[in-house]
Amino acid sequence: MIFFWTPPHFWALALYRADDYARAGVPMLPVTAGPDETRRQILLYTLFLVPLAISPVALGYAGYGYGAVAAVLGAGMVWLAVKVYRVREGAAAVKASKQLFGFSILYLFLLFASLLVEALVGV
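Residues in the sequence shown are numbered consecutively from 894, following our numbering.
Structure below.
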C-alpha cells in the first residue's frame, strides 16, 4: 500500500512547491515532466491504491470494519485526486493539491489505525 500511497502524497506536495524544488535542483515529477503529467500520475496511482487498500478484506486478512473505513477513505482520496486532476490553475489548484496532501496523511494513519483496532479488538 505504501508504494501506491507515496506518489499521490509527495507529488501533491510537489505540485504546489514545484518552484522550490526547481530552484533547489530536486528532480520531482512536476519539475521533470510538468504539472499535467504529475496530475495524471496522481490520479492513476490513487486509482490503484484504493482497491489495493480494500483487498485485505477480500483476501481474509481484515474484516468488514476495516473494509468500510478503507472504502470511505478511498472515496475521499479518489475525490481529491480527481479534483487535483481537474483544477489546473490558480489558487484553486494550489488549494486542491494542499487538500490532497493533507488528506493523504490522515488517510494512511486512519487506514493503519483501523487495522490495528480490528486486530486488537477482534472485530
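A virtual CB, placed ideally from N, CA and C, is assigned to each residue, including glycine. In this text, all values refer to a predicted model and were calculated from it rather than measured experimentally.
Alpha carbon of residue i to alpha carbon of residue j, nearest angstrom
| i | j | result |
| --- | --- | --- |
| leucine 937 | valine 1010 | 30 Å |
| leucine 942 | tyrosine 957 | 18 Å |
| alanine 968 | aspartate 912 | 30 Å |
| methionine 970 | glycine 953 | 24 Å |
| alanine 1006 | phenylalanine 897 | 18 Å |
| alanine 946 | glutamine 992 | 20 Å |
| arginine 933 | valine 919 | 20 Å |
| glycine 927 | alanine 985 | 18 Å |
Any chain C beta carbon closer than 7 Å to residue i
| i | result |
| --- | --- |
| aspartate 912 | Among the chains in the structure shown there is no chain C, since it carries only a single protein chain. |
DSSP three-state assignment for residue i, whether helix, strand or coil
| i | result |
| --- | --- |
| leucine 952 | coil |
| methionine 970 | helix |
| valine 924 | helix |
| alanine 987 | One detail in the question is off: residue 987 reads as valine in this sequence, not alanine. It is helical. |
| glutamate 930 | helix |
| valine 975 | helix |
| glycine 958 | helix |
| glycine 995 | helix |
| glutamate 982 | coil |
| valine 919 | coil |
7 Å Cβ cutoff met for residue i and residue j
| i | j | result |
| --- | --- | --- |
| leucine 907 | phenylalanine 994 | It should be noted that the sequence gives alanine, not leucine, for residue 907. No, they are not a contact pair. |
| phenylalanine 996 | leucine 973 | yes |
| valine 987 | isoleucine 935 | no |
| threonine 931 | leucine 922 | yes |
| leucine 1008 | leucine 966 | no |
| phenylalanine 960 | valine 975 | As written in the sequence, residue 960 is glycine, which differs from the phenylalanine given in the question. No, the pair does not count as a contact, with Cβ atoms beyond the cut-off. |
| tyrosine 909 | serine 990 | yes |
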